[in-house]
Structure formats: structure tokens, C-alpha cells
Amino acid sequence: VHEIKAKELPKLDDEFAKDVSEFDTLEELKASIKEKQEKQNADKAKYEKQEAAMKAICDKMKVEIPSGMIELETENMLKDIEQRLSYQGLNMDQYLNMIGRTEEEMRKEYEPQATEAIKSRLVLEAIINAEKIEASEEEINAKMEEMANNYGKKVEELSGNENLKKYLDEGIRSEKALAFIVENAKFAAAKKETKKQTKK
31 VHEIKAKELP KLDDEFAKDV SEFDTLEELK ASIKEKQEKQ NADKAKYEKQ EAAMKAICDK
91 MKVEIPSGMI ELETENMLKD IEQRLSYQGL NMDQYLNMIG RTEEEMRKEY EPQATEAIKS
151 RLVLEAIINA EKIEASEEEI NAKMEEMANN YGKKVEELSG NENLKKYLDE GIRSEKALAF
211 IVENAKFAAA KKETKKQTKK
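In this note's numbering, the protein residues as written are 31 to 230.
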């Protein structure tokens with residue numbers, strides 16, 4: 031034996047916190063990690079509730095979606111995949127070759143997802159119109175400020191972009207419509223439970 035090596039882990043103290051983060055103490059670092067974890071869990075739970083509520087509505091929804099709409103939605107999904115592949119230095123042909131599928135097979139595979147996406151959008155649009163859901167100027171500005179912070183830009187650089195404002199407006203109204211669906215799903219579930227207990 032020429033040498034023995036052992037992995038030496040750093041001591042978890044305030045100096046460690048300063049080295050690996052913007053915090054001055056280990057307690058602050060721990061609190062930040064805990065806060066981020068709790069937010070992630072809350073976001074995940076919120077997303078799962080929204081997804082379940084939306085799926086329940088879409089499953090009951092009886093609507094004939096034109097094949098052209100499904101084809102267009104599928105095409106948009108494939109373009110999104112192609113864009114994400116380009117970030118990894120791949121193109122669609124290379125990807126299809128890697129997974130052993132043709133483009134036509136992939137289109138067929140994504141058609142059910144495209145159909146559900148269209149149904150979801152129709153549901154949200156119907157609720158937005160029926161409930162007259164709007165996005166205030168303050169809400170749009172708050173989202174714009176958040177986006178500016180995330181991308182290291184100034185709000186003034188984004189505020190003149192009308193397409194971005196429209197995108198944020200649609201996003202906020204969709205979020206509110208989703209919240210409306212979840213809230214009413216909770217109310218319906220509570221009402222159903224109350225009826226069960228009354229019968230007993």
C-alpha cells in the first residue's frame with residue numbers, strides 16, 4: 031500500500047455557509063433551504079390539485095374537436111420539442127433515430143396530449159368569459175418585475191413590449207381561472223361530503 035486516501039467533508043459552520051451561499055450564518059442557510067423546499071412542496075401540491083380538477087372537467091366535457099386543431103396543436107408540441115433538442119445540440123431526425131421512431135409515430139403518440147391541451151384551453155376560455163376574469167395593470171407589472179429580476183434586466187426594458195404584456199395578461203387570467211376551478215372543486219367535494227354525513 032503506497033497511500034490511503036479518505037474523503038474529508040467540510041465542517042458545517044458559519045464559514046461553510048459564507049463559502050457556499052450569500053448567507054453569513056449556517057442557521058440562515060438552513061432556513062433558506064427549508065423555505066425553498068416548502069415552496070417547492072406547496073407549488074407541487076397546487077399543480078397536482080389544478081391538474082386533477084382540470085382533468086375531471088375535461089373527462090366530462092363532450093365536444094367534437096376538429097382534426098385541424100389537433101394537427102396544429104401536435105405540430106406546436108413537436109416544434110417545442112425540436113427547440114429544446116436544439117439546446118442540447120440535437121435535431122429532430124437525430125432524436126427520432128435515437129428513440130427508434132418515425133415522425134408519424136411520434137405525431138400519433140402526441141395526439142391525445144394535444145386533444146387534452148385543447149380541451150383545457152377551451153375550459154379556461156369559457157370560465158374567463160363567463161366569470162369576466164381580468165388581469166389588472168398592477169398584476170401585469172408585478173409579473174413583469176418578477177420576469178425582469180429572473181433574467182437580470184430592468185423593468186423599463188420589458189415594459190414597452192406589447193406582445194409580452196399580452197402574454198402576461200393571458201397567463202394571469204388563466205391562473206385565476208384555474209384557481210376558480212380548484213376552489214369550486216373543493217366546494218363541490220365538501221358539499222358531497224356533507225350530504226353523505228346527513229344521510230347517515
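Glycine residues also receive a C-beta, built at the ideal position from the N, C-alpha and C atoms.
Answer with buried or exposed for Y140, where buried requires no fewer than 16 other C-beta atoms within 10 angstroms of its C-beta. buried
Report the residue ranges of all beta strand (DSSP E) runs contained in full by the region 34 to 89; include only those spanning at least 3 residues, in chain order. none
Would you give the residue range spanned by the alpha helix (DSSP H) that R131 belongs to? Note, R131: premise wrong, no alpha helix (DSSP H); not H, not E.
Output yes if chain D places a C-beta closer than 8 Å to the C-beta of I202; else output no. You won't find chain D in this structure, because it holds only one protein chain.
Whole-Å CB distance - I148 paired with I95, under 8 Å assumed: 5 Å
For A144, which residues of its own chain have a beta-carbon under 7 Å away from its beta-carbon, when the five flanking residues on both sides are left out? Cβ neighbours of A144 beyond the five flanking positions: I100, E103, T104 and M107.
D199 and I170 look like a contact to me (Cβ under 8 Å); what is the Cβ gap, rounded to whole Å? 6 Å
Check whether A83 and I202 have beta carbons under 8 Å apart: Cβ atoms of A83 and I202: not closer than 8 Å.
CB A215 to CB I163, shorter than 8 Å? no
Cα-Cα, which of D43, E65 and K66 is closest to T55? D43
Is the CB-CB distance between S150 and C88 below 8 Å? Yes, they are a contact pair.
On the DSSP letters alone, give me the boundaries of the alpha helix (DSSP H) that E164 sits inside. E164 -> no alpha helix (DSSP H), and no H or E assigned at all.
Do L154 and V93 come within 8 Å of each other at the CB atom, strictly closer than that value? no
P96 (DSSP reduced to helix, strand or coil): coil
Out of K173, K184 and E81, which has the shortest C-alpha to C-alpha gap to Y197? K173
DSSP three-state assignment for L115, whether helix, strand or coil: helix
L188 - containing alpha helix (DSSP H), residue span: V185 to S189
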